[in-house]
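Residue numbers (this note's numbering): 239 to 878.
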């Protein structure tokens, strides 16, 4: 028996006890439906007396689907007509549903249930990060993905081109370069820094105290104040841990501040927001420092900006200013952070193969600060090259790999070795080829029932936007992943993993068009209260709200109306809700009449459905019809 036949049999057996048969369906239609949808009258252009069970026809199946939806929702028969028994409605709906599913399985059984598509650029970056153990930015190396039906995970919109393949190659080279050690272990900073001795702009800053009590006070909430921590410069690219000792100066309330990356002596360099933090109103040394980790490029530092202070500082001057400010007393820095050396990214590829310094050549030989470059070597290069490629390919391809698939990559490395190429370069060439192959870039599924490995990939790219981890691949190899118990266990585990935040961000940003938050800029004259902090808070509210609905398994109607939302002090102030302090988001119960329940009235959604100056009922109406009701309106008539 072929796969579609097995599925049809299983469906028929599953539905036999709970569904009606065709005569029962005809009886219900005759008693409750054909008066309005029969030979004489066809309301809504729907006729049921001659509707045949030809579910294999797409148009006929669509009519049956409409009938099922109408009777399940109670829309048919109308409320002023006699209602059929609830059990009869349930059984008829089950009969239609079972036949629709059986026809769909039969129709798609020979072609597979999923189309081949490539990874989008978010998935590509995450996959390389998780596969290689690196955090180097890669997404911006690839062009924007196309979208279909509002999402960038639809195969019809994700094309491939020679230009895109060049970018994939560049991304693979960059990721492998970051993963493999080519230098001695960089010096790790573990030191306390202050602003003592740095140039002071007396118009907007003030130094107070001395010695351990020294602090620099920043008063201006400007976009570009000279607040870089010049005493510190990242010695190498990587993640750094910071502990910031800061407090609210001349204030009985906490002062919120933001931290950015910064380039020394380059005020025009692009900065990345690290986060918003709260400085408490306490005396010297009595506060708990704010802690965070962030990736810095070599040579970068950080800078601070207080929020919502110092608007009239230039008129008075920092020395005589009596308003609130941010006092930064100390910054403890540790990094770049490595659990071991060589790092995991390197040993994941090459294990404990030795590193040897490459002799300096050319002008570099005469530079005092020239650093030797290291390369991976092997005493048995052919065996080690083959072992490395064979270990990497199954993880990259997300499945067990047959000999005919892996052999060309092994041969590529061995041929380069035979041609005199160094061990590392030969292996890296094969690894780059793996990372640019269709088996890696495409999410391909064989026809028929999904394989265990395909299930693993569907789960991971759905919930993590990345490749399956070791546990998913292990269960797939043991052919245990598809059991209902294991599927439920794995989904629960994956949703608790920090990587599930990718699903929340990617889904909400596309479903609710949050990626368009910067498409328009509110007029500063009309909306002076709008700023970067408010915009970031808007996005965090919607994402936190979605995550709560998902994590606690709430009704989908919660997205339309709820008695709670997530707020920090900035957004609560914007909404006029009292009792919320600090930059941290927390769940807040809404009082009746606040009208902030559900996503429709959340600030981020209102922002992306406005044009920067005025509200547009047409745009918002279309948004609700499309995003919330799932029934997008037709386009405007020609010439409108």
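Positions of the beta carbon are idealized from the N, C-alpha and C atoms, including for glycine.
Can you tell me whether residue i is buried or exposed, with buried defined as 16 or more other CB within 10 angstroms of its CB?
i	result
residue 835	buried
residue 833	exposed
residue 337	buried
residue 895	It is not possible to answer for residue 895, since the shown part of the chain is limited to 239 through 878.
residue 619	buried
residue 318	exposed
residue 492	buried
residue 423	exposed
residue 279	exposed
residue 578	exposed
residue 548	buried
residue 313	exposed
residue 621	exposed
residue 846	buried
residue 684	exposed
residue 865	buried
residue 774	buried
Pull up the distance between the alpha-carbon of residue i and that of residue j, whole angstroms please.
i	j	result
residue 802	residue 285	45 Å
residue 807	residue 828	15 Å
residue 369	residue 589	15 Å
residue 721	residue 473	50 Å
residue 265	residue 322	11 Å
residue 581	residue 419	8 Å
residue 428	residue 574	9 Å
residue 798	residue 863	12 Å
residue 281	residue 696	42 Å
residue 516	residue 558	24 Å
residue 762	residue 851	9 Å
residue 793	residue 553	54 Å
residue 884	residue 731	Limits of the chain in this structure are 239 at one end and 878 at the other, which puts residue 884 out of reach.
residue 261	residue 334	13 Å
residue 277	residue 723	50 Å
residue 348	residue 513	With a pLDDT of only 48 at residue 348, under 50, the local geometry of the prediction cannot be trusted, and the value read off the model is given with reservation. Spanning the two alpha carbons is a distance of roughly 51 Å.
residue 766	residue 831	26 Å
residue 877	residue 467	58 Å
residue 594	residue 610	10 Å
residue 375	residue 343	41 Å
residue 868	residue 366	34 Å
Under 8 Å between the Cβ atoms of residue i and residue j?
i	j	result
residue 711	residue 357	no
residue 417	residue 584	yes
residue 355	residue 393	yes
residue 495	residue 484	yes
residue 733	residue 725	no
residue 727	residue 785	no
residue 651	residue 664	yes
residue 364	residue 753	no
residue 567	residue 448	no
residue 441	residue 536	no
residue 539	residue 471	yes
residue 661	residue 667	no
residue 300	residue 341	no
residue 587	residue 630	yes
residue 659	residue 431	no
Indicate, with yes or no, if the ligand FAD has a heavy atom lying under 7 Å from the CB of residue i.
i	result
residue 361	The ligand FAD is not among the ligands present in this structure, which contains no ligands whatsoever.
Leaving out five residues before and five after residue i in sequence, what residues of the same chain have Cβ atoms less than 7 Å from its Cβ?
i	result
residue 396	355, 356, 358, 383, 384
residue 699	361, 681
residue 272	286, 287
residue 316	none
residue 858	847
Please return the same chain residues whose Cβ sits closer than 8 Å to the Cβ of residue i, not counting the five positions on each side in sequence.
i	result
residue 640	none
residue 408	379
residue 804	778, 779, 782, 783, 786, 823, 824, 825, 826
residue 525	483, 484, 485, 517, 518
residue 445	433, 434, 438, 452, 453, 454, 455
residue 381	359, 401, 402, 405
Return the chain-ordered list of same chain residues with a C-beta closer than 6 Å to the C-beta of residue i, the five sequence neighbours on each side being excluded.
i	result
residue 637	691
residue 768	760
residue 591	614, 616
residue 714	690, 691, 694
### Three-pair Cβ contact test at 8 Å for the stretch 481-493 versus the stretch 546-563
Inter-segment contact for the stretch 481-493 and the stretch 546-563 is present: three or more beta-carbon pairs are separated by less than 8 Å.
### Query
Would the stretch 459-468 and the stretch 528-544 be scored as touching if the rule is three or more Cβ pairs under 8 Å?
Yes, they touch.
### Query
Would the stretch 525-533 and the stretch 469-481 be scored as touching if the rule is three or more Cβ pairs under 8 Å?
Contact holds between the stretch 525-533 and the stretch 469-481, because three or more Cβ pairs, one in each stretch, are under 8 Å apart.
### Message
Three or more C-beta pairs under 8 Å: does that hold for the stretch 618-634 against the stretch 433-452?
### Response
Verdict: no, contact absent.
### Query
For the stretch 744-751 against the stretch 385-401, are there 3 or more C-beta pairs whose distance is under 8 Å?
Verdict: yes, contact present.
### Query
Are the stretch 772-788 and the stretch 820-827 in contact at 8 Å, needing three or more beta carbon pairs?
Because the criterion of three Cβ pairs below 8 Å is met, the stretch 772-788 and the stretch 820-827 touch.
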